[in-house]
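Take a look at the structure set out below.
Number of protein chains: 2
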Amino acid sequence: MFKSYTIKDIAKALGLSTSTVSRALNGSYEIGAETKKLVLEYAEKVNYRPNPIALSLKEQRSRSIGVVVCEVANNYFSQAINGIESIAYSSGYHVIITQTHESAAREAANVQHLLSRHVDGLLIALSAETTDTSEFKFLHSKGVPIVFFDRIAEGIDTHRITVNNFKAAFEATEQLIIAGFSKIANISSTPNLLNTRERFEGYRAALQKHGLTLLPEFVKYCYQGGMVVGEVEHALQELMSLPEKPDAIIATNDRITTTCLPILKKMGFSIPSDVALTGFTNSEVAESFAPPLTVVRQPAFMMGQLATETLIKAIESKHPLYESISQQFDTQLIIRDSSLKS
Amino acid sequence: MFKSYTIKDIAKALGLSTSTVSRALNGSYEIGAETKKLVLEYAEKVNYRPNPIALSLKEQRSRSIGVVVCEVANNYFSQAINGIESIAYSSGYHVIITQTHESAAREAANVQHLLSRHVDGLLIALSAETTDTSEFKFLHSKGVPIVFFDRIAEGIDTHRITVNNFKAAFEATEQLIIAGFSKIANISSTPNLLNTRERFEGYRAALQKHGLTLLPEFVKYCYQGGMVVGEVEHALQELMSLPEKPDAIIATNDRITTTCLPILKKMGFSIPSDVALTGFTNSEVAESFAPPLTVVRQPAFMMGQLATETLIKAIESKHPLYESISQQFDTQLIIRDSSLKS
DNA sequence: TTGAAAGCGCTAACAG
DNA sequence: CTGTTAGCGCTTTCAA
Numbered sequence: 555m556f557k558s559y560t561i562k563d564i565a566k567a568l569g570l571s572t573s574t575v576s577r578a579l580n581g582s583y584e585i586g587a588e589t590k591k592l593v594l595e596y597a598e599k600v601n602y603r604p605n606p607i608a609l610s611l612k613e614q615r616s617r618s619i620g621v622v623v624c625e626v627a628n629n630y631f632s633q634a635i636n637g638i639e640s641i642a643y644s645s646g647y648h649v650i651i652t653q654t655h656e657s658a659a660r661e662a663a664n665v666q667h668l669l670s671r672h673v674d675g676l677l678i679a680l681s682a683e684t685t686d687t688s689e690f691k692f693l694h695s696k697g698v699p700i701v702f703f704d705r706i707a708e709g710i711d712t713h714r715i716t717v718n719n720f721k722a723a724f725e726a727t728e729q730l731i732i733a734g735f736s737k738i739a740n741i742s743s744t745p746n747l748l749n750t751r752e753r754f755e756g757y758r759a760a761l762q763k764h765g766l767t768l769l770p771e772f773v774k775y776c777y778q779g780g781m782v783v784g785e786v787e788h789a790l791q792e793l794m795s796l797p798e799k800p801d802a803i804i805a806t807n808d809r810i811t812t813t814c815l816p817i818l819k820k821m822g823f824s825i826p827s828d829v830a831l832t833g834f835t836n837s838e839v840a841e842s843f844a845p846p847l848t849v850v851r852q853p854a855f856m857m858g859q860l861a862t863e864t865l866i867k868a869i870e871s872k873h874p875l876y877e878s879i880s881q882q883f884d885t886q887l888i889i890r891d892s893s894l895k896s
Numbered sequence: 555m556f557k558s559y560t561i562k563d564i565a566k567a568l569g570l571s572t573s574t575v576s577r578a579l580n581g582s583y584e585i586g587a588e589t590k591k592l593v594l595e596y597a598e599k600v601n602y603r604p605n606p607i608a609l610s611l612k613e614q615r616s617r618s619i620g621v622v623v624c625e626v627a628n629n630y631f632s633q634a635i636n637g638i639e640s641i642a643y644s645s646g647y648h649v650i651i652t653q654t655h656e657s658a659a660r661e662a663a664n665v666q667h668l669l670s671r672h673v674d675g676l677l678i679a680l681s682a683e684t685t686d687t688s689e690f691k692f693l694h695s696k697g698v699p700i701v702f703f704d705r706i707a708e709g710i711d712t713h714r715i716t717v718n719n720f721k722a723a724f725e726a727t728e729q730l731i732i733a734g735f736s737k738i739a740n741i742s743s744t745p746n747l748l749n750t751r752e753r754f755e756g757y758r759a760a761l762q763k764h765g766l767t768l769l770p771e772f773v774k775y776c777y778q779g780g781m782v783v784g785e786v787e788h789a790l791q792e793l794m795s796l797p798e799k800p801d802a803i804i805a806t807n808d809r810i811t812t813t814c815l816p817i818l819k820k821m822g823f824s825i826p827s828d829v830a831l832t833g834f835t836n837s838e839v840a841e842s843f844a845p846p847l848t849v850v851r852q853p854a855f856m857m858g859q860l861a862t863e864t865l866i867k868a869i870e871s872k873h874p875l876y877e878s879i880s881q882q883f884d885t886q887l888i889i890r891d892s893s894l895k896s
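Read top to bottom, the protein sequences are chains S and G. Just so it is clear: in the first sequence, position 113 is 667 by the numbering used here, and no numbers are missing. Just so it is clear: in the second sequence, position 180 is 734 by the numbering used here, and no numbers are missing.
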């Protein structure tokens with residue numbers, strides 16, 4: 555298919571050597587102005603594009619970055635990828651996206667795949683199933699540039715882009731309390747993930763500040779991060795068949811939040827009169843829900859951008875960046891009817 | 555960073571030539587069982603991975619496919635990408651995703667970028683702004699494998715994966731009519747896109763079948779595909795300030811549909827009593843809307859899968875596939891409150 | 001200022 | 001059965 559011009563073609567056409575053409579194209583100083591102009595004009599004419607594969611082989615870099623997320627079809631991640639793509643593109647990098655579907659095995663395979671593709675760096679949000687991060691530790695120690703975002707690998711001193719999860723959950727929980735709810739349940743992704751635990755701590759702290767006791771039966775985990783609807787359904791069933799039902803629920807991840815609402819309604823509860831609901835989600839349409847949903851929104855696009863900037867900086871610095879960059883964004887709590895006493 | 559083992563390393567370590575190692579690794583028949591075992595074991599031990607960049611250079615193919623869509627953060631496309639990724643991954647291809655943000659210039663740049671990256675084929679859903687498809691025609695004539703999905707380039711005999719847009723819009727419109735609405739407006743993406751026009755024709759045909767006249771002032775286009783909220787807002791404002799307002803609206807693309815609902819509510823209209831709403835969207839949460847939204851849903855995941863299978867088949871067939879494959883899926887009309895007389 | 005040659009990792013035609 | 005060699009496209013010493 556579609557053979558493009560090579561340096562050799564140009565050299566032949568112009569009766570020069572490939573090295574001369576190469577130098578002309580790269581604006582080397584050791585080149586005659588005459589020759590240079592000749593080459594550039596011809597290259598322009600035939601629409602010459604250097605072969606990035608050959609360049610990669612030569613330079614031992616691929617100008618591509620690998621992205622590992624659970625799913626693209628997720629409000630948070632699709633927005634983050636949008637940010638990643640915007641920066642990568644304008645910096646001349648390609649983005650190779652892989653999905654784990656929350657499987658640790660798939661994650662490991664993806665990382666291997668990307669590495670074997672010689673990506674120059676990795677942008678990772680851990681899968682829900684991941685507990686063993688030794689491979690990442692190993693790669694990091696070998697100097698592979700890695701930036702974690704949203705879902706961080708603990709115990710590794712890498713760059714990390716996150717939000718203030720504690721504060722986010724604290725504020726959301728406190729808002730429920732202030733609105734008059736006192737029996738607040740927490741439904742989360744797996745506690746494997748640091749962000750789940752941090753959000754849980756925020757929840758706990760808000761209860762404590764307001765003198766509410768944390769009931770263990772009010773804390774539910776979805777070990778597959780809400781990818782499987784049945785998991786969320788099960789958690790909600792348990793919660794809502796308690797002798798002492800919660801009067802409010804806080805859901806701490808995107809997928810879980812958007813599935814909680816229809817399930818609760820299907821179970822016959824009305825929101826917020828039977829049970830209030832607040833959730834972490836980047837859904838653009840939470841306002842259109844019945845009832846309009848109170849959400850914790852993360853600056854996904856900016857997080858994707860910053861993660862990528864950080865990664866590219868790490869890739870392009872000749873000397874590995876020994877100090878890791880950690881950047882924490884604030885979230886936005888958007889209060890709507892679902893978390894207000896009706 | 556992270557130097558991996560090469561064939562040369564293995565050859566040196568084992569005192570063989572690189573070609574012998576290569577043959578052993580590739581299971582060539584002309585190789586001693588002894589040597590082969592030796593090489594394979596050693597390769598296994600040091601976790602040898604062939605360098606795909608070198609392979610690409612050699613084979614003149616990159617084992618990657620380029621995807622061009624308007625935005626990842628779009629229900630339909632993120633689901634389609636999910637399907638694309640699933641097939642590509644299991645066939646050993648990488649997926650490089652680019653976004654046009656509905657700009658024709660950006661689209662052209664992306665295609666160039668992907669081509670210069672020597673992707674083996676292209677999966678494309680046109681941008682809303684695209685009118686000139688001569689570049690695609692050119693590429694196609696040069697034998698570049700291309701599959702269009704959802705948003706097709708007309709006048710090029712390429713593979714295309716679509717839905718039956720006419721039927722989808724016809725059914726959705728007819729449902730509104732049967733439900734008792736008679737002043738039905740149509741709000742679409744740009745008529746540049748074939749699918750917009752086909753959906754419009756379905757709308758028109760349904761009106762005609764039921765003896766309703768099509769009012770030109772009831773047909774609105776969003777030339778940026780609904781990416782800009784103001785555009786949708788403007789269309790709705792014009793529609794709803796007509797002396798004779800529509801009593802129902804059909805929105806024929808994902809982005810437009812999900813923005814119509816909050817805008818209409820903000821304008822003070824209640825749905826469906828003031829105006830009914832039906833829309834094309836793959837949103838997972840349309841059921842949770844207030845009111846639950848009637849939608850036309852496309853089999854996005856399957857479309858992504860089939861588009862990718864088709865593309866890979868085209869890439870891997872030695873002789874170009876002269877007959878183009880066109881596959882048309884049916885959509886699903888999910889009727890909810892938003893399109894029923896209250 | 002330009003050219004020849006080597007090398008990035010790999011495969012394959014050609015010898016032996 | 002195995003080794004030598006050339007070449008994919010490009011950059012970069014080293015010579016001239």
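Glycine included, each C-beta is placed from N, C-alpha and C at the ideal position. All figures in this text were calculated on a predicted structure; none of them were measured in a lab.
Checklist entry - Enumerated in chain order, which unbroken segments of the alpha helix (DSSP H) with a length of 4 residues or greater are wholly contained in the stretch 757 to 839 of chain S? => result 783 to 794 and 808 to 820
Next on the checklist: Beta-carbon within less than 6 Å of H672 of chain G's beta-carbon, same chain only, minus the 5 sequence neighbours each way: which residues are those?
Outcome noted: S616
Item to check | Continuous beta strand (DSSP E) assignments of at least 3 residues falling wholly in the stretch 593 to 669 of chain G | outcome: Listed in chain order, they are 618 to 623 and 648 to 653.
Checklist entry - Closer than 7 Å, CB to CB, is S893 of chain S near chain G or not? => result no
Item to check | Buried or exposed by the 16-neighbour rule on C-beta atoms within 10 Å, applied to D808 of chain G | outcome: buried
Checklist entry - Between the stretch 663 to 678 of chain S and chain G, which residues of the former have a C-beta closer than 7 Å to a C-beta of the latter? => result S670, R671 and H672
Next on the checklist: For D674 of chain G and I700 of chain G, what's the separation of their Cα atoms in angstroms?
Outcome noted: 9 Å
Next on the checklist: Can you tell me whether I561 of chain G is helix, strand or coil according to DSSP?
Outcome noted: helix
Checklist entry - DSSP beta-bridge partners for Q881 of chain S? => result In the DSSP output, where bridge partners are listed per residue, Q881 of chain S has S:I715.
Item to check | C-beta neighbour in chain S for F526 of chain G, strict 7 Å | outcome: Outside the shown range of chain G, which is 555 to 896, sits residue 526 of chain G, and nothing can be said about it.
Checklist entry - For A854 of chain S, does the count of other Cβ atoms within 10 angstroms reach 16, so buried, or fall short, so exposed? => result buried
Checklist entry - Using a Cβ-Cβ distance under 7 Å, would V626 of chain G count as near chain S? => result yes
Item to check | Burial state of I564 of chain S, where buried means 16 or more other Cβ atoms lie within 10 Å | outcome: By the Cβ neighbour-count rule, I564 of chain S is buried, with 16 or more other Cβ atoms within 10 Å of its own.
Checklist entry - Using a C-beta to C-beta distance shorter than 9 Å, which residues of chain G count as neighbours of R603 of chain S? => result Q666, L669 and S670
Next on the checklist: DSSP has V673 of chain G in a bridge; who is on the other side?
Outcome noted: Answer is none; V673 of chain G lacks a bridge partner.
Checklist entry - Rounded to a whole number of angstroms, what is the C-alpha to C-alpha distance between E728 of chain S and V782 of chain S? => result Approximately 29 Å between the Cα atoms of the pair.
Checklist entry - Name the chain S residues whose beta carbon is nearer than 7 Å to that of T744 of chain G? => result Result: empty, since nearest Cβ-Cβ is about 21 Å, beyond 7 Å.
Item to check | Cut-off 6 Å between Cβ atoms - residues of its own chain near A826 of chain S, not counting five sequence neighbours on either side | outcome: The question names Ala, but residue 826 of chain S in the sequence shown is Pro. The residues are S892 and S896.
Item to check | As assigned by DSSP and simplified to three states, the class of Q852 of chain G | outcome: coil
Checklist entry - Taking the Cβ atom as the reference point for each residue, do F735 of chain G and A844 of chain G lie within a distance shorter than 7 Å? => result With a cutoff of 7 Å on beta-carbon distance, F735 of chain G and A844 of chain G are scored as not near each other.
Next on the checklist: Please list, in chain order, the chain G residues whose beta carbon lies closer than 7 Å to that of E841 of chain S.
Outcome noted: P816
Item to check | Beta-carbon contacts of T685 of chain S that lie in its chain and below 6 Å, excluding the five residues immediately before and after | outcome: Excluding residues up to 5 positions away in sequence, N746 lie with their Cβ nearer than 6 Å to the Cβ of T685 of chain S in the same chain.
Item to check | Cβ shell of V626 of chain S (< 7 Å), same chain only, five flanking positions each side left out | outcome: S632, I635, I651 and Q653
Next on the checklist: Considering only their Cβ atoms, is the gap separating T885 of chain S from A663 of chain S smaller than 7 Å?
Outcome noted: no
Checklist entry - Would a check of beta-carbon distances place E639 of chain G closer than 7 Å to chain S? => result E639 of chain G counts as touching chain S.
Checklist entry - Are K774 of chain G and A759 of chain G close, meaning C-beta to C-beta below 7 Å? => result no
Checklist entry - Using a C-beta cutoff of 7 Å, does Q653 of chain G count as contacting chain S? => result yes
Next on the checklist: Comparing C-alpha positions only, which one of S:G858, S:A578, S:S582 and S:L611 sits nearest to A531 of chain S?
Outcome noted: The structure shown does not extend to residue 531 of chain S, since chain S is modelled only from 555 to 896, so the question has no answer here.
Checklist entry - Which of helix, strand or coil does DSSP assign to M555 of chain G? => result Low local confidence applies: a pLDDT of 49 at M555 of chain G is under 50, so the model's placement there is unreliable, and no value is given.
Next on the checklist: For a cutoff of 7 Å on Cβ pairs, would you count A805 of chain G as touching chain S?
Outcome noted: no
Checklist entry - Taking the Cβ atom as the reference point for each residue, do Q778 of chain G and A682 of chain G lie within a distance shorter than 7 Å? => result yes
Next on the checklist: Please state whether the Cβ-Cβ distance between T712 of chain G and F702 of chain G is less than 7 Å.
Outcome noted: yes
Checklist entry - Name the chain G residues that come within less than 8 Å of P606 of chain S, Cβ to Cβ? => result S670, R671 and H672
Checklist entry - For T687 of chain S, which residues of its own chain have a beta-carbon under 8 Å away from its beta-carbon, when the five flanking residues on both sides are left out? => result Within the same chain, T687 of chain S has close Cβ partners L680, A707, E708, G709 and I710.
Checklist entry - Buried or exposed: Q852 of chain S, going by 16 or more other Cβ atoms within 10 Å of its Cβ? => result So Q852 of chain S counts as buried.
Next on the checklist: Between M555 of chain G and chain S, is the shortest Cβ-Cβ distance under 7 Å, so that the two count as touching?
Outcome noted: Legend: pLDDT at M555 of chain G = 49, less than 50; position of this residue unreliable, value from coordinates given subsequently. Yes - at least one Cβ of chain S is within 7 Å of the one on M555 of chain G.
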